[in-house]
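Here the structure comes first, spelled out in structure tokens, and everything after it is commentary.
Residue numbers (the numbering used here): 477 to 695.
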């Protein structure tokens, strides 16, 4: 991999995720696709999260941008994500949650897909489901084609949010989440984009280990 390939901005909102943060960050640093920046927004965590983030940032100063909010926004990860998006420089944005783990080839495969499908705005993937201890306990399988995603959006969310990679510019303007609800603004934002004609896809590979631990924002 070299710097001639598109820069990917990985954005990771964090709130009291100290128990899972190390494997989440490590999974990004160990990607086969290395032309990325990692932007971490700590939403005024009260656990060890900031100590972990700050330690990684000091050791990877050229790659990791760490921002610590002094007051909790109490508005879900998408609000923090918008702060990261404002600082992002990449052509592509990879959304990452602080309690999940990315497959080593996640960025490589998603960049390749977006480069070969210039009409697609967003690509996600399937996922393995892991428990608190990191053991695989299930799987999340999603529709793959744009038509299937569109048709199933009325029944359930056919995109695994932390598996998504999308273009930073939407119709020439920087993408940001449309904040309307206390949670699940990604569902609202992506559905709005779908209605406006953006094309989505999911890769069949399990490129994310999606952790279920009882305190997920979705719940």
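For glycine and all other residues, C-beta sits at the position ideal for the given N, C-alpha and C.
For residue 607, name the three-state secondary structure that DSSP assigns.
-> The residue you call residue 607 lines up with position 131 of the chain shown. Coil, per DSSP.
What's the gap between the Cα of residue 600 and the Cα of residue 536?
-> Stepping through the chain shown from its first residue, residue 600 is reached at position 124. Stepping through the chain shown from its first residue, residue 536 is reached at position 60. Distance between the alpha carbons of residue 600 and residue 536 is about 27 Å.
Would you decide whether residue 658 is buried or exposed? Buried here means 16 or more other CB atoms lie within 10 Å of its CB.
-> As a first step, residue 658 is located in the chain shown; it is residue number 182 there, counting from the start. By the 10 Å Cβ count, residue 658 comes out exposed.
Indicate the three-state DSSP secondary structure (helix, strand or coil) for residue 648 in the structure shown.
-> As a position in the chain shown, residue 648 is number 172, starting the count at 1. In the structure shown, residue 648 sits in coil (DSSP, three-state: anything other than H, G, I, E or B).
Would you mind giving the Cβ-Cβ distance between residue 569 and residue 517, rounded to the nearest angstrom? I have them listed as a contact below 8 Å.
-> One-based indexing of the chain shown puts residue 569 at position 93. One-based indexing of the chain shown puts residue 517 at position 41. Wrong, their Cβ atoms sit about 13 Å apart, outside the cutoff.
Inside the stretch 567-616 only - beta strand (DSSP E) runs reaching at least 3 residues = 568-571, 596-606, 612-616
Measure how close the beta-carbons of residue 615 and residue 534 come, nearest whole angstrom, since I'm counting them as under 8 Å.
-> Reading the chain shown from its first residue, position 139 is the one you call residue 615. Reading the chain shown from its first residue, position 58 is the one you call residue 534. So it is not a contact: roughly 37 Å between Cβ atoms.
Where does residue 512 sit, in a helix, a strand or coil, going by DSSP?
-> On the chain shown, residue 512 is found 36 positions in, with the first residue counted as 1. Residue state, collapsed to three classes: strand.
Does the stretch 610-627 come within contact of the stretch 643-660, defined as at least 3 CB pairs closer than 8 Å?
-> no
The stretch 630-647 / the stretch 669-684 touching (three or more Cβ pairs under 8 Å) | yes
Per DSSP, residue 678 is paired with what?
-> Taking the first residue of the chain shown as 1, we reach residue 678 at position 202. BP columns for residue 678 point to 600.
For the beta strand (DSSP E) holding residue 541, just list the boundary residues, first then last.
-> Against the chain shown, residue 541 aligns to sequence position 65. Per DSSP, residue 541 belongs to the beta strand (DSSP E) from 540-544.
With which residues is residue 523 paired in a DSSP beta bridge?
-> Here residue 523 corresponds to residue number 47 of the chain shown, with the count starting at 1. Residue 523 pairs with nothing; no bridge assigned.
Give the DSSP-derived three-state secondary structure of residue 535 in the structure shown.
-> By 1-based counting over the chain shown, the position of residue 535 is 59. Of the three classes helix, strand and coil, the one that applies to residue 535 here is helix, per DSSP.
With C-beta atoms as the reference, is residue 520 less than 8 Å away from residue 545?
-> By 1-based counting over the chain shown, the position of residue 520 is 44. By 1-based counting over the chain shown, the position of residue 545 is 69. Taking 8 Å as the Cβ cut-off, residue 520 and residue 545 qualify as a contacting pair.
Roughly how many angstroms separate the alpha carbons of residue 563 and residue 515, rounded to a whole number?
-> Translated into positions along the chain shown, residue 563 becomes position 87. Translated into positions along the chain shown, residue 515 becomes position 39. In a straight line, the C-alpha of residue 563 is about 8 Å away from that of residue 515.
Spell out the partners DSSP gives residue 498 in its beta bridges.
-> Position 22 of the chain shown holds residue 498. Bridge partners of residue 498: none, in fact.
Straight-line gap, residue 578 to residue 504 (C-alpha atoms, nearest Å) | Within the chain shown, the letter at position 102 stands for residue 578. Within the chain shown, the letter at position 28 stands for residue 504. When rounded, the distance between both Cα atoms is 7 Å.
For residue 684, which three-state DSSP category applies?
-> By 1-based counting over the chain shown, the position of residue 684 is 208. Residue 684 falls in the strand class under three-state DSSP.
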